[in-house]
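Counting from 1 along the sequence shown, just add 43 to a position and that's the residue number in this note's numbering. Take a look at the structure below.
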Amino acid sequence: MKILLWDIDGTILRSGHAGHRAMNAAAHAVFGLQDAFTHFDFGGRTDPWVLDRLCRQHQLEAPPARIEQFYSVYVESLRRELHTPGAFVCAGVRETLAHFQTTPDIALGLLTGNILAGARAKLEHFGLWEHFPFGAFADDSGERNHLGPIALERARRHLNRTDLRPTDLVVIGDTPHDIACARAVGAHAVATATGGSTYEELAAHNPDLLVRDFADPAPFQAFIRGLR
Ligand SMILES: [Mg+2]
44 MKILLWDIDG TILRSGHAGH RAMNAAAHAV FGLQDAFTHF DFGGRTDPWV
94 LDRLCRQHQL EAPPARIEQF YSVYVESLRR ELHTPGAFVC AGVRETLAHF
144 QTTPDIALGL LTGNILAGAR AKLEHFGLWE HFPFGAFADD SGERNHLGPI
194 ALERARRHLN RTDLRPTDLV VIGDTPHDIA CARAVGAHAV ATATGGSTYE
244 ELAAHNPDLL VRDFADPAPF QAFIRGLR
């Protein structure tokens, strides 16, 4: 059994900066800041990490009620912003997910720096949410490297397979942070150059498989077959 754990932004889809705009809207509504995140690089980070950075940068207090308010404005705004034409599913991903959905001994899950509600908004927008019955989200930890073990535990519970090991996990992402997160739990690392990092930048971090995108499904499918 192999568990494919997908990152969202830059890997499954590009939000066309909808995420940035929704974060800006939340920072404006809750903290009165204008264009707070315009120059922020979110790539491979988690939502709580980003919010924490913002609070430190502006010396803001963020008790739980304000954080909740922040995310509530964010998700509401995100659902609206995704309708702008810049958002799209990365090449070949829809077909790749459909392929593995029906492959025996393969399960699909999420390992993402998005909070669950944000992940759901993005994936529902493109009709992809149903592919992912479990996952680890930024609500679980703001540290991406802590999400691997949580995803493993969720997979064990969801599939009722206590024998699953870290080497049964394949972490798929678009930044060196995703590769580091795979290494932290002992999973295989697949990198795709469809997001914030170039092919060469990703190659320097030695993923187990590196693709330019999933438009050609063969290399990724062969890699997964080779693990089983
Ligand atoms: Mg990403």
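Idealized CB from N, CA, C, for every residue including glycine.
DSSP places His71 in the uninterrupted alpha helix (DSSP H) bounded by 61-74. With 16 or more other CB atoms across the displayed protein chains lying within 10 angstroms of its CB, Asp221 is buried. Exclusion of Asp84 from the 7 Å shell around ligand 1 follows from its C-beta lying no nearer than that to any non-hydrogen atom of the ligand. Contact between Leu48 and Ala194 holds: CB atoms are separated by about 5 Å, below the 8 Å threshold. With fewer than three CB-CB distances shorter than 8 Å, the segment 146-153 does not count as touching the segment 67-78.
C-alpha of Arg96 to C-alpha of Thr139: approximately 35 Å in a straight line. The shortest CA-to-CA distance from His126 to any of Gly62, Val93, Cys98, Thr155 is the one to Gly62.
Looking at the DSSP output, Leu153 sits in a beta bridge with Trp49, Gly178. Here Leu252 has Val233, Phe266 as same chain residues with Cβ atoms under 6 Å from its own Cβ, once five neighbours each way along the sequence are excluded. Nearest neighbour of Ala247 by Cα position, chosen from Phe85, Pro128, Ala236, turns out to be Ala236. The C-beta of Leu166 has 16 or more other C-beta atoms within 10 Å across all chains shown, which makes the residue buried. Gly135 is the residue among Gly59, Leu159, Gly135, Ala179 whose C-alpha sits nearest the C-alpha of Ala258. Apart from sequence neighbours up to five positions away, the residues of its chain that approach Pro176 with a beta-carbon distance below 7 Å are His201, ordered along the chain.
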